Amino acid sequence: MSESENFKLKGCTQDGRADMTNFEMDLFDTRMNSYNIDKEESEECCKNSFIKPACLPITIVCFFISMVIIFPLLNDEGYDTSTKNYERTGICMDSCSIRLVESIPTNLTYDNIKLSYLSTYDAWNILLDKATKSIDMAVLYWNLRENDSKKFPTSIEGRNIYEKIKKIGKSGINIRVAQNLESKSFPQTDAFDLKKEANVNVRSLNFTKLLGSGVLHTKFWIVDQKHIYIGSANMDWKSLTEVKEMGVLIENCSCLAHDLHKIFIVYWTLGSPDSQIPKRWPIYLRTHFNYNNPMLLKLNSFPSTAFFSSSPPEFSPKGRQNDSDAILDVFDGAEKYAKFAVMDYLPTTLYMSSNKNFFWGDIDFKIRETIYRGINVKILLSQWDHTKNETIPYMKSLLQMNDANIKGKVEVKFFKIPSTEEQKKITYARVNHNKYMVTDQHALIGTSNWVGDYFITTAGVSLVIGKDYDNINEKKGIVEELNDIFDRDWNSKYSKSLVL
Numbered sequence: 001m002s003e004s005e006n007f008k009l010k011g012c013t014q015d016g017r018a019d020m021t022n023f024e025m026d027l028f029d030t031r032m033n034s035y036n037i038d039k040e041e042s043e044e045c046c047k048n049s050f051i052k053p054a055c056l057p058i059t060i061v062c063f064f065i066s067m068v069i070i071f072p073l074l075n076d077e078g079y080d081t082s083t084k085n086y087e088r089t090g091i092c093m094d095s096c097s098i099r100l101v102e103s104i105p106t107n108l109t110y111d112n113i114k115l116s117y118l119s120t121y122d123a124w125n126i127l128l129d130k131a132t133k134s135i136d137m138a139v140l141y142w143n144l145r146e147n148d149s150k151k152f153p154t155s156i157e158g159r160n161i162y163e164k165i166k167k168i169g170k171s172g173i174n175i176r177v178a179q180n181l182e183s184k185s186f187p188q189t190d191a192f193d194l195k196k197e198a199n200v201n202v203r204s205l206n207f208t209k210l211l212g213s214g215v216l217h218t219k220f221w222i223v224d225q226k227h228i229y230i231g232s233a234n235m236d237w238k239s240l241t242e243v244k245e246m247g248v249l250i251e252n253c254s255c256l257a258h259d260l261h262k263i264f265i266v267y268w269t270l271g272s273p274d275s276q277i278p279k280r281w282p283i284y285l286r287t288h289f290n291y292n293n294p295m296l297l298k299l300n301s302f303p304s305t306a307f308f309s310s311s312p313p314e315f316s317p318k319g320r321q322n323d324s325d326a327i328l329d330v331f332d333g334a335e336k337y338a339k340f341a342v343m344d345y346l347p348t349t350l351y352m353s354s355n356k357n358f359f360w361g362d363i364d365f366k367i368r369e370t371i372y373r374g375i376n377v378k379i380l381l382s383q384w385d386h387t388k389n390e391t392i393p394y395m396k397s398l399l400q401m402n403d404a405n406i407k408g409k410v411e412v413k414f415f416k417i418p419s420t421e422e423q424k425k426i427t428y429a430r431v432n433h434n435k436y437m438v439t440d441q442h443a444l445i446g447t448s449n450w451v452g453d454y455f456i457t458t459a460g461v462s463l464v465i466g467k468d469y470d471n472i473n474e475k476k477g478i479v480e481e482l483n484d485i486f487d488r489d490w491n492s493k494y495s496k497s498l499v500l
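In case it helps, the UniProt record's numbering puts the sequence shown at residues 1 to 500.
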């Protein structure tokens with residue numbers, strides 16, 4: 001049996017015919033007036049035409065069918081919007097490779113631990129070296145060249161990345177940046193200098209105008225429509241050397257790149273002048289893939305599954321699962337354990353305008369439900385100068401469940417990165433900035449903190465990967481490797497337990 005047939009037996013093929021029917025009707029409604037023909041001209045034309053009046057309705061129907069087939073292949077900005085083979089079958093035939101990517105802050109060492117993963121700096125260099133046609137970036141803010149008043153020697157890696165991007169832009173490779181709107185705190189100087197010096201195309205999203213509050217908190221790169229970085233690292237020199245980050249590098253995987261690119265186009269569209277969130281996103285931005293219907297593919301030759309989730313809901317075309325819903329589903333899929341490491345976790349909103357914050361218990365309720373059904377949950381949060389004071393009481397309320405005579409157990413630890421006196425001078429650094437989750441069945445690598453706003457008014461993306469263990473050769477896949485990283489941090493001297 002072929003690999004394709006094997007996948008089909010699992011019932012994961014796609015059928016988009018219902019969507020096409022809707023699109024035909026939309027197209028007919030919006031374009032009919034463009035093809036009105038003056039009655040007299042029509043009658044005169046028909047006298048000498050091979051098309052007789054009785055055949056005219058058939059001709060019109062055939063014309064609109066051809067428009068439905070041909071017109072969607074290119075949109076107004078020239079994007080290829082044709083349906084790809086992997087979208088029809090649900091199976092990606094690319095030989096995708098994937099590697100975990102970390103930034104380990106200077107002077108952070110682990111005793112008797114030999115785990116070693118690709119650095120964010122090396123991963124970004126790999127992507128830049130591979131670029132031959134295009135680079136698309138989703139960016140919260142820029143600080144590669146160190147906008148702090150004091151110069152720090154570890155900022156050199158950020159400067160190197162900036163100069164490399166500039167060189168590539170000058171070479172003629174198309175670089176597009178969808179970023180959060182510039183502000184006093186984040187002037188986006190690097191991006192605008194690259195626009196002037198290297199022909200980089202930049203669009204900024206105004207979330208206050210679009211949603212009332214929020215930011216573009218997403219961090220990903222797409223290179224040549226087949227290579228990806230997605231993770232917690234910002235375009236900041238500190239994300240390379242002074243902040244602990246987690247992400248993935250995916251190479252030679254046009255299926256995942258194409259699906260992620262749909263999210264980028266949403267950002268790019270909303271970054272245009274006077275843009276508004278449409279009532280309905282174009283059909284070519286829809287996706288078939290979510291938790292219940294993931295893409296089937298091989299990662300490092302291991303059979304696996306994957307899909308991208310996104311927030312906020314208004315930014316998600318049909319089929320795209322909301323980020324928080326993907327997290328809830330990953331909890332539901334856990335059979336033995338669920339672990340997550342995030343900088344911030346709160347069952348509330350924090351940044352709503354006009355003091356309109358509210359309790360947001362979606363994830364908190366799911367954690368309690370998961371513990372109740374017998375799954376052990378481990379929570380690793382960050383401890384630094386900006387840890388929210390209310391975090392401790394909410395975490396202790398979860399720990400109270402351990403006294404409720406239930407099957408599962410919850411544990412909470414805080415990870416603190418030590419700093420020298422010189423390192424303490426680096427603003428907003430020396431923190432565990434991770435945003436991931438791992439269970440015995442899935443890995444979720446995201447760009448959002450687990451606070452209500454990040455799923456309601458803030459843009460973020462997660463990659464969810466199904467278990468990819470090689471039972472024959474006993475080789476670990478990404479899910480098991482991410483679990484090893486969590487355990488390394490959990491058991492390290494930098495993690496301290498929260499007790500009642």
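All residues carry an ideal CB built from backbone N, CA and C; glycine is no exception. These numbers were taken from a predicted model, which means no experiment stands behind them.
Counted within 10 angstroms of its Cβ, other Cβ atoms place residue i as buried (16 or more) or exposed
{"i": "residue 403", "result": "exposed"}
{"i": "residue 434", "result": "buried"}
{"i": "residue 217", "result": "buried"}
{"i": "residue 190", "result": "buried"}
{"i": "residue 400", "result": "exposed"}
{"i": "residue 159", "result": "exposed"}
{"i": "residue 383", "result": "buried"}
{"i": "residue 374", "result": "exposed"}
{"i": "residue 499", "result": "exposed"}
{"i": "residue 277", "result": "exposed"}
{"i": "residue 25", "result": "Confidence in residue 25 is poor, its pLDDT being 31 and thus under 50, which makes the residue's placement unreliable; the coordinate value appears in the next sentence. When all chains shown are included, residue 25 counts as exposed."}
{"i": "residue 447", "result": "buried"}
{"i": "residue 305", "result": "buried"}
{"i": "residue 208", "result": "exposed"}
{"i": "residue 449", "result": "buried"}
{"i": "residue 162", "result": "buried"}
{"i": "residue 515", "result": "Summary: the structure shown does not reach residue 515, with the chain confined to residues 1 through 500, and so no result is reported for it."}
{"i": "residue 88", "result": "exposed"}
{"i": "residue 460", "result": "buried"}
In DSSP terms, what residue i is bridged to
{"i": "residue 96", "result": "299"}
{"i": "residue 228", "result": "222 and 250"}
{"i": "residue 459", "result": "216"}
{"i": "residue 339", "result": "378 and 438"}
{"i": "residue 495", "result": "415"}
{"i": "residue 322", "result": "310"}
{"i": "residue 359", "result": "348"}
{"i": "residue 410", "result": "377"}
{"i": "residue 244", "result": "432"}
{"i": "residue 451", "result": "Residue 451 is not bridged to any residue."}
{"i": "residue 330", "result": "DSSP lists no partner for residue 330."}
{"i": "residue 290", "result": "293"}
{"i": "residue 305", "result": "296"}
{"i": "residue 91", "result": "296"}
Delimiting residues of the alpha helix (DSSP H) encompassing residue i
{"i": "residue 264", "result": "254–270"}
{"i": "residue 239", "result": "238–241"}
{"i": "residue 397", "result": "391–399"}
{"i": "residue 368", "result": "362–372"}
{"i": "residue 191", "result": "189–198"}
{"i": "residue 121", "result": "120–130"}
Rounded Cβ spacing between residue i and residue j (contact assumed at less than 8 Å)
{"i": "residue 270", "j": "residue 205", "result": "5 Å"}
{"i": "residue 337", "j": "residue 440", "result": "6 Å"}
{"i": "residue 97", "j": "residue 300", "result": "6 Å"}
{"i": "residue 532", "j": "residue 329", "result": "The structure shown does not extend to residue 532, since the chain spans only 1 to 500, so no value can be given for it."}
{"i": "residue 230", "j": "residue 248", "result": "6 Å"}
{"i": "residue 575", "j": "residue 437", "result": "An answer regarding residue 575 cannot be provided, because it is not within the stretch 1 to 500 covered by the chain."}
{"i": "residue 345", "j": "residue 138", "result": "Not really, about 23 Å apart at Cβ, beyond 8 Å."}
DSSP three-state assignment for residue i, whether helix, strand or coil
{"i": "residue 81", "result": "coil"}
{"i": "residue 159", "result": "helix"}
{"i": "residue 519", "result": "This structure gives no information on residue 519, because the portion of the chain shown stretches from 1 to 500."}
{"i": "residue 431", "result": "coil"}
{"i": "residue 480", "result": "helix"}
{"i": "residue 146", "result": "coil"}
{"i": "residue 485", "result": "helix"}
{"i": "residue 466", "result": "strand"}
{"i": "residue 425", "result": "helix"}
{"i": "residue 490", "result": "helix"}
{"i": "residue 171", "result": "coil"}
{"i": "residue 151", "result": "coil"}
{"i": "residue 165", "result": "helix"}
{"i": "residue 103", "result": "strand"}
Terminal residues of the beta strand (DSSP E) in which residue i lies
{"i": "residue 203", "result": "201–205"}
{"i": "residue 136", "result": "134–139"}
{"i": "residue 176", "result": "174–180"}
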